């Protein structure tokens with residue numbers, strides 16, 4: 153029992169480390185007119201953790217990675233931490249909960265969770281930007297409103313969609329290994 157918990161903790165730590173490395177190495181603008189909106193792949197291993205270990209594990213890993221990104225890699229400090237955790241948290245929770253919902257057609261439910269999570273992530277970023285970008289950074293509200301439809305909304309839909317697609321492809325590719333070793337990979 154203790155051994156399986158230790159293995160699970162090591163697996164979760166490995167996924168968190170991969171997410172941190174991806175934050176360091178892979179980041180580029182998706183929308184040329186708004187280069188400050190940087191795509192990163194950190195949510196891919198976090199989504200894998202949510203599928204493998206459940207949404208709570210995904211949220212814990214997300215928080216750790218968000219904190220490291222926010223304070224060590226110039227991710228806008230506590231504001232970046234809150235915005236990333238809330239937005240990606242919607243994606244992680246939807247994915248994990250929908251995957252656990254049915255015993256049949258789990259990948260279909262995971263895909264539905266990822267799709268709904270991506271939409272939730274994009275929609276959540278509208279009020280998050282209106283609150284934090286306006287009130288903390290002092291950007292005029294009309295400037296933020298003007299960026300929502302040409303930038304903020306499509307960026308988050310693309311980012312969530314790409315990360316979900318990559319996570320689903322990796323999860324599907326790892327499925328034989330996961331089935332073979334399912335006693336070591338069980339949510340708590």
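In my numbering, the protein residues as written are 153 to 340.
Each residue gets a CB set at the ideal place from its N, CA and C atoms; glycine is no exception.
This structure is a prediction, so every number in the text was calculated from the model and none was measured.
Are the stretch 196 to 203 and the stretch 166 to 174 in contact at 8 Å, needing three or more beta carbon pairs? When Cβ pairs closer than 8 Å are counted between the two stretches, the stretch 196 to 203 is seen to touch the stretch 166 to 174, the count reaching three or more.
Under DSSP, the beta strand (DSSP E) around residue 179 begins and ends at which residues? Per DSSP, residue 179 is one residue of the beta strand (DSSP E) stretching across 179 to 181.
If contact is defined by three or more beta carbon pairs under 8 Å, each pair taking one atom from either stretch, is the stretch 236 to 249 in contact with the stretch 207 to 217? yes
Kindly list the residues whose CB is nearer than 6 Å to the CB of residue 340, restricted to its own chain and excluding five residues on each side of it in sequence; keep chain order. Bear in mind that the predicted position of residue 340 carries a pLDDT of just 47, short of 50, making it unreliable; the figure below should be weighed with that in mind. Closer than 6 Å at Cβ, skipping near neighbours: no residue.
With DSSP as the reference, label residue 228 as helix, strand or coil. coil
Run through the stretch 182 to 217 for me and flag every whole beta strand (DSSP E) of 3 or more residues, listed as ranges in chain order. As far as the stretch 182 to 217 is concerned, its whole beta strand (DSSP E) runs of at least 3 residues are 190 to 192.
Stretch pair the stretch 259 to 275 + the stretch 311 to 318: three plus CB contacts closer than 8 Å: yes
Assuming residue 222 contacts residue 210 under a Cβ cut-off of 8 Å, what Cβ separation, rounded to an integer in Å, is found between them? 18 Å between Cβ atoms; not a contact.
For residue 290, count neighbouring C-beta atoms within 10 Å of its own C-beta (all shown protein chains included) and say buried if the count is 16 or more, exposed if not. exposed
Since residue 164 and residue 303 are thought to touch, with beta carbons under 8 Å apart, how far apart are those beta carbons, to the nearest angstrom? No, residue 164 and residue 303 are not in contact; Cβ-Cβ is about 34 Å, not under 8 Å.
DSSP state of residue 291, grouped into three classes? coil
Residue 260 classed as buried or exposed, judged by whether at least 16 other C-beta atoms fall within 10 angstroms: Exposed, by the Cβ-count rule.
Under 9 Å between C-beta atoms of residue 249 and residue 292: no
Going by beta-carbon coordinates alone, are residue 191 and residue 178 separated by less than 9 Å? For the 9 Å CB-CB criterion, residue 191 and residue 178 form a contact.
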